[in-house]
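Residue numbering for the sequence shown follows the UniProt record's numbering, starting at 1 and increasing by one per position. Backbone N, C-alpha and C fix where the C-beta goes; we use that ideal spot for every residue, glycine too. On a predicted model such as this, the values are computed, not experimentally measured, just so you know.
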Amino acid sequence: MAFRNIINRSLPVRYTLLREEEKEEEMVPLHDTTDHPEQNTPCTFQRPAESPLSATIKSTLLLLTPAYLTWPIGLSTSRLRDRQGPPTRQGPTAYLDGLRGVAALVVYIFHGLYFWLRWMRFSYGTRPEDTSFWQLPVVRVLHSGASSVTVFFVISGFVLSNRALNLIHQRKDHLLLRALAGTTFRRPFRLFLPIAASTAITALFINARMFYFPIHPVDVVKKMPSDVARPPPGKGSLVEQFSEWLLALARLMDRFRYISVREHHGHPYHSSLWTIPYEVRGSLLVMLLILAFACARRWINAVAVSGVIVWLTFQGESDMALFAAGILIAEYTIVTRANSSSAASLDGPLKAGTPRSWDAFHHAWTLVLFFFSLHCMSYPQLGGKQAPGFVTMSRMVPQFYIDSKDGIQLFWNSLGAVTFVVSLACSPPASFSIFRGRLPWHRTDRTADGDAAAQPLLQQLFTARFPQYLGRISYSLYLCHGPVIRIVSTRWLNPAVIMLSQASIDAKALADAGDIAGSEQLLAASDAEYHSSLFWCALVSSLVLFWVSDVFTKLVDEPAVKFTRWITGKAWAPGK
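Here is the structure:
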C-alpha cells in the first residue's frame, strides 16, 4: 500500500484518478422487482476488491508507459480518456518551454548523427561533395547542437529574471528579496539532483560493461585494434565504480574552479554536462545584476546590462553574455505587455487598433530578424571561413574569436540565439494559426491554443503540442540522450562502421587491381547498408530516448522539483 501511494503521488493527475473512479464503481445498485414491484427495494452488489498486488502492478505499468503510448490506449479506454483532466492554459512564456524542448531534441540529433555522418559538420558548398539539402543554411539549425546550447543560455537568463523583474515593475520590493533568495537557493538543487540520479544509473550500465565508445573509421583503416576494441570505463566492483562516480560528481559541482575550455568540464559519464557549470555561473550573474540595479531607473538598468553584455562578449565570455541578454529580453516583454494592456483599456479610436500597414511592417521586421538569426545559428562547425554565405561573416568578429578554436562559430551562434529569441518575443499576434492539427499527448487550453488572434505568429511554432511536450521532458531529454547514445546507438553502429571501413579497404584493393566497376559496386552496396543501419538505429534509439526521458521526468525530475520546494520551505525562517 505504501509503495502504491508513492507511485500514485509521482504520477500526473490523469493517472492517479484511477483508484478513485474504481472505488465509485465498486457499489452498483440493483432493483429487485420480482416480489414487490411497487416497492422497488434497492439492494447492493459489491465487486470483489482488487488485490494490492494487482493495483500496484497496474499503477507501475501506467507509470512506466510513456505519454505517446497512453494516448492511443486512452482512445479505446474510457477511463483513461476521462482521466485526462482539464486542459492546461498556456502562459505568456509558454513558447520558451517549447523552444527549450526543441533545442534539447536538436542537441540529441547533433550528438546522435555528427560522429556517424561527418559531412554534416560542413556547410553547403564548402567542398565539392558538400551538396546535401541538410547542409544548407537555415536548414542546418535542425541539427546544430552548438546553436541550441546558446539558446539554452538565453532562455535561462530570461526565465530566471522574469519573476524578479515583474516584482520590480510592480514595485513590490518586499517580495523581491524573497524571490531572488528563493531562486538562488533552489537553483543548485534543481540542476544537480537529476544529474546525480542520471549519472548514478549510467554508472550501473558502465559497471555492467554496457557502455560503448564509438569506433572511428580511421582506426579501422589503419588497423589499430587497441582503439577499435577500447573497453568501456568500468571498474572492478560497484564500490569502486560509485567512488569514481561520486568524485566526478563533486568535481562537476565545484564552481570555484576556473573554467577555461567549454567542453572539457563535463562529467566522464556524460560529456554534454559541461553546460551545467555555465548554468550555475550564469544564474549567479543574473541574480547579481538584478540585485545590483533593482532600485535603479529602468533605463539605467538597460544601459548597464547592455554594457555588461558588450564587455563580456569582447572578453570572450559570450556564454555569460547570453544570460545577461536574457534579462534584457525579459524586461522588454514586461514593458511591452504592460503598454499593450494600457492601450487595450483605452476607449475611442486608439482602441480600434493600429493601422494595417504598421501590422504588416511589424510582421516584416520580425520575420527578417527571425531568418537572419537562423542564418547566424547555421554557421558550420568546420570550414566556415570557406563556406558560401559565411565568408564575409567570418571576418566580422572580435579578435578573440578569430584566434580561438570554434570561436567564430560561437560568436555567430550566440548572436543568432539572442536575435532568435528577440524575434519570437517581438512577434505580433496573427489572425490565423500555423498549426491547426495538434499532436494529442500534451493537452492545452482551447482558448489559449485555439484562439489564433491571441497567439503571436512566430511563437506558434513552439506552442504547438509536440514542442510543449518536448518542453515538459526537456531536462530529462538532455540528461538521458548521452547515455542512450552510448548504450543503444553506439553498440548498434560500431559493427556498421567496421563493415563500411573494411568495404573501403576492399574497394581500394579492387580499384588497384583494375576492377573499377566492382570497386564502385562494393562501395555503393556498403554505403546503402550503412545508411540503412543508421536509419533503423536512429528510429529505435529515439523511441528508447523518449520513453526513458518520459519515465525519468515522472520518477526523478518532477519529484526533484517538489523536493526542492519542500526543502526550501523547511529551510526558510518563519515569516520570510
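Query, Result
"Under 8 Å: do the region 481-491 and the region 104-114 share three or more Cβ pairs, one atom per stretch?", "yes"
"Check each candidate in 266, 493 and 177 and name the one with the smallest Cα separation from residue 213.", "493"
"Quick check on residue 483: does DSSP put it in helix, strand or coil?", "helix"
"Let me know if residue 207 comes out buried or exposed under the rule of 16 or more other beta-carbons within 10 Å of its beta-carbon.", "buried"
"Is DSSP giving residue 122 helix, strand or coil here?", "strand"
"Can you give the Cα-Cα distance for residue 438 and residue 509, rounded to whole angstroms?", "Note that residue 438 has pLDDT 44, beneath the 50 cutoff, so the model's placement of it is unreliable and no number is given."
"Below 8 Å CB to CB, which residues in the same chain sit around residue 490 once its five sequence neighbours on both sides are set aside?", "212, 213 and 214"
"Per DSSP, what kind of secondary structure is residue 382 in: helix, strand or coil?", "strand"
"Exposed or buried, which one is residue 319 when buried takes at least 16 other CB atoms within 10 Å?", "buried"
"In the DSSP assignment, find the alpha helix (DSSP H) that holds residue 490 and state where it starts and stops.", "490-512"
"Spatial neighbours of residue 556 within its chain, please: C-beta separation below 6 Å, excluding the five flanking residues on both sides.", "194 and 197"
"Is it buried or exposed for residue 129, if we count other Cβ within 10 angstroms and need 16 for buried?", "exposed"
"For residue 240, count the other beta carbons within 10 Å of its own beta carbon; 16 or more makes it buried, fewer makes it exposed. Which is it?", "exposed"
"Pick out whichever of 321, 247, 409 and 432 has its Cα sitting closest to the Cα of residue 122.", "409"
"Under 6 Å Cβ to Cβ from residue 567, same chain only, skipping five residues before and after it: list those, please.", "none"
"Please say whether residue 180 and residue 290 have beta carbons closer to each other than 8 Å?", "yes"
"To the nearest angstrom, how far is it from the Cα of residue 115 to the Cα of residue 297?", "50 Å"
"Name the two residues that bound the continuous alpha helix (DSSP H) containing residue 190.", "173-207"
"Straight-line CA distance for residue 285 to residue 324?", "8 Å"
"Does residue 251 pass the burial test, meaning 16 or more other C-beta atoms within 10 Å, or should it be called exposed?", "exposed"
"Please report the straight-line C-alpha distance between residue 645 and residue 202, rounded to a whole angstrom.", "Lying outside 1 to 576, the shown extent of the chain, residue 645 is not represented and no answer is given."
"Measure from the alpha carbon of residue 572 to the alpha carbon of each residue in 186, 496, 69 and 416, then state which is nearest.", "186"
"Inspect the beta-carbon positions of residue 391 and residue 66 and report whether they are closer than 8 Å.", "no"
"Taking the alpha-carbon positions, what's the residue 426 to residue 332 distance?", "9 Å"
"Name the one or two DSSP bridge partners that residue 270 has.", "267"
"Given a cut-off of 8 Å, decide if residue 155 and residue 96 are closer than it, judged by their beta-carbon atoms.", "yes"
"Under 8 Å, do residue 294 and residue 160 count as touching if we go by C-beta distance?", "no"
"If the criterion is Cβ atoms closer than 8 Å, does the pair residue 434 and residue 461 meet it?", "yes"
"Quick check on this structure: which residue in 422, 417 and 430 has the alpha carbon closest to the alpha carbon of residue 363?", "430"
"Quick check on the burial criterion: 16 or more other C-beta atoms within 10 angstroms. Buried or exposed for residue 514?", "exposed"
"For the alpha helix (DSSP H) containing residue 116, name the first residue and the last one.", "Run containing residue 116: none; DSSP gives neither H nor E here."
"Out of 498, 321, 563 and 547, point me to the one whose CA is closest to residue 62's CA.", "547"
"Use the C-beta contact count for residue 349: other C-beta atoms within 10 angstroms, 16 or more gives buried, fewer gives exposed.", "Summary for residue 349: the model assigns pLDDT 48, below 50, so the residue's position carries little reliability; its value from the coordinates is reported in the next sentence. Result: exposed."
"Hey, would you say residue 423 sits closer than 8 Å to residue 458, going by beta carbons?", "yes"
"Across which residues does DSSP place residue 456 in a beta bridge pair?", "429"
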